[in-house]
Amino acid sequence: MDYSALPRHNVLCVDIKSFFASVEAYNLTVDPLTAYIAVIGDKKRSGSIVLAASPMMKKEYRIKTGSRLYEIPTGDPRIHVVEANMGQYLQTSIEITKLMNKFVPMEAIHQYSIDEFWITADGIEGLFGDRWELARQIQQVIYDEFRLPSCIGIGPNRFLSKVILDTEAKKKGIAECQYEDVQQKLWPLPVEEIWGIGRRMKRNLNRQGIVTLGDLARYPLSMLKKRFGIMGEQMWYHAWGVDLSPVLGQPYDNTHSTQKGYGHGITLLRDYTGDEVGAVLLDLAEEVCRRTRTANMCGRTIHFGIGYSNYEGGGGFSRSRSIDVPTNVTLDVYKICMDLFRENYNGGIIRSVHLSLNNLSPDDGTQLNLFENNEKKHRLGYVMDSIRAKYGPTAILWARSYTDAGVALDRSKKIGGHRA
């Protein structure tokens, strides 16, 4: 691989260690690196998922993200079990982003998740020193302002900065991988340790005799493209450390030009029967259509699916249906989902529901219909949205949302499905 013609940027991938747990450590005035903290979704449910665990919980009790509340020892007085406070986490994330804006312009900051982001630090050496000195300053200022420990990966592009963050910086604090380091630092690693390669892809690669990143880099590109398509080509270039994705963004672009669709899903807090799922579907349809209307878009393809209880063997189904005239009307989407449900439901206990509206186009009016007042239905959605925007998300709801099966009231008190 000839790296001489490739761009070289100063990209830093910054990650806040055990973010939720570290914020709670700040609230408890304890050291996040030595405290025993588990952040969960709901203390009242023994099966509630652990959303974050402090380093000591991971090390001593092997409690990590995805563990369950009932797995946490109850006899250790050092352990703090706290419910997630998503509002505070989001606000802290916003404040950290503002802090980074003191080092680089907003278009050089790319938020990857609530606790992880890239910054591109090209051309600022005269202000803050080289990339290592900048990384140390960023770590220090995040700790001074928020008492949050962080780790930073440095690379010439986003991919290498992210990979070296995951594989080395989370142990050392700061680590760097340039193009010339790829064969030594990355090629010995198992493919599943590389950002972007999940369990299913790992199995597929292993069947081809590809176990390490070096195996992937040495594998014929033509065969990877034939077997995995464009994904195979991307993986091959990543194995060589090549990533040509933009390192600068457009933070104030609100055109939604790249939005492919709007979706929403929920894991239910109890078992639902087929008679109850309609209330959930109506609430999800309203949320999806509200977001679509907010973007002044509508869609032609409705995708709907449910998941059955694991106690009955799990599984479920996922179906989609396209319509001739695009819509963002809640009842239109709801009726199609109910049709799909009746056609595919096998009578099992339901524990998750999701739906999405895809194949988007601008909402530039409605098509007249001799038998239905489409224009009235179309305008009704926007009126309901304006009422909620002014008086709150629960100011106006469908009648079924107030039943025991409805989820809108409960979710209005949460952020990301967890307590706000």
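The opening residue of the sequence shown carries number 1264 in this note's numbering; numbering runs sequentially from there. Idealized CB from N, CA, C, for every residue including glycine. This one's a predicted model, so the numbers in the text were calculated from it and none came from an experiment.
Item, Value
"First through last residue of the alpha helix (DSSP H) which encompasses histidine 1373", "First-last for histidine 1373: 1372-1376, but that is the beta strand (DSSP E), not the alpha helix (DSSP H)."
"Simplified DSSP assignment, three categories, for aspartate 1264", "The residue you asked about is not aspartate; residue 1264 is methionine in the sequence shown. Coil, per DSSP."
"Best match in Asn1364, Glu1455 and Ser1583 for proximity to isoleucine 1405 [C-alpha to C-alpha]", "Asn1364"
"C-beta atoms of valine 1293 and alanine 1316 nearer than 9 Å", "no"
"Spatially closest choice to arginine 1490 from Met1464, Pro1509, Gly1504 and Val1474, by CA coordinates", "Met1464"
"For cysteine 1276, the three-state DSSP class (helix, strand or coil)", "strand"
"C-beta contact flag for cysteine 1440 and lysine 1448 at 9 Å", "yes"
"Cβ contact (3+ pairs, closer than 8 Å) linking the region 1268-1279 and the region 1401-1418", "yes"
"Backbone secondary structure at asparagine 1348 - three-state DSSP", "coil"
"Pairwise C-alpha distance: leucine 1487 and glutamate 1496", "6 Å"
"Neighbour-count burial assignment, phenylalanine 1283, 16 or more Cβ in a 10 Å radius", "buried"
"Contact test: valine 1313 Cβ vs the ligand HEM heavy atom, cutoff 8 Å", "This structure does not include the ligand HEM; it has no bound ligands of any sort."
"Simplified DSSP state of glutamate 1439, which is helix, strand or coil", "strand"
"Whole runs of the alpha helix (DSSP H) within the region 1407-1487, excluding any shorter than 4 residues", "1421-1427, 1445-1448, 1462-1470 and 1476-1481"
"Distance between cysteine 1552 and aspartate 1587 (C-alpha atoms, nearest Å)", "17 Å"
"Within 9 Å, strictly: CB atoms of cysteine 1414 and leucine 1397", "no"
"Delimiting residues of the beta strand (DSSP E) encompassing aspartate 1339", "Unbroken run through aspartate 1339: none, as it is neither H nor E."
"Serine 1585 and phenylalanine 1567 closer than 9 Å at C-beta", "no"
"Between the CA atoms of glutamate 1388 and lysine 1280 - distance to the nearest angstrom", "26 Å"
"DSSP three-state assignment for alanine 1315, whether helix, strand or coil", "strand"
"According to DSSP, residues forming a beta bridge with tyrosine 1574", "None; tyrosine 1574 has no bridge partner."
"DSSP state of tyrosine 1597 mapped onto helix, strand, coil", "helix"
"Where valine 1646 falls, given that 16 or more other Cβ within 10 Å makes a residue buried", "exposed"
"C-beta contact flag for glycine 1338 and valine 1313 at 9 Å", "no"
"The region 1610-1622 in contact with the region 1555-1571 per 3-pair CB rule at 8 Å", "yes"
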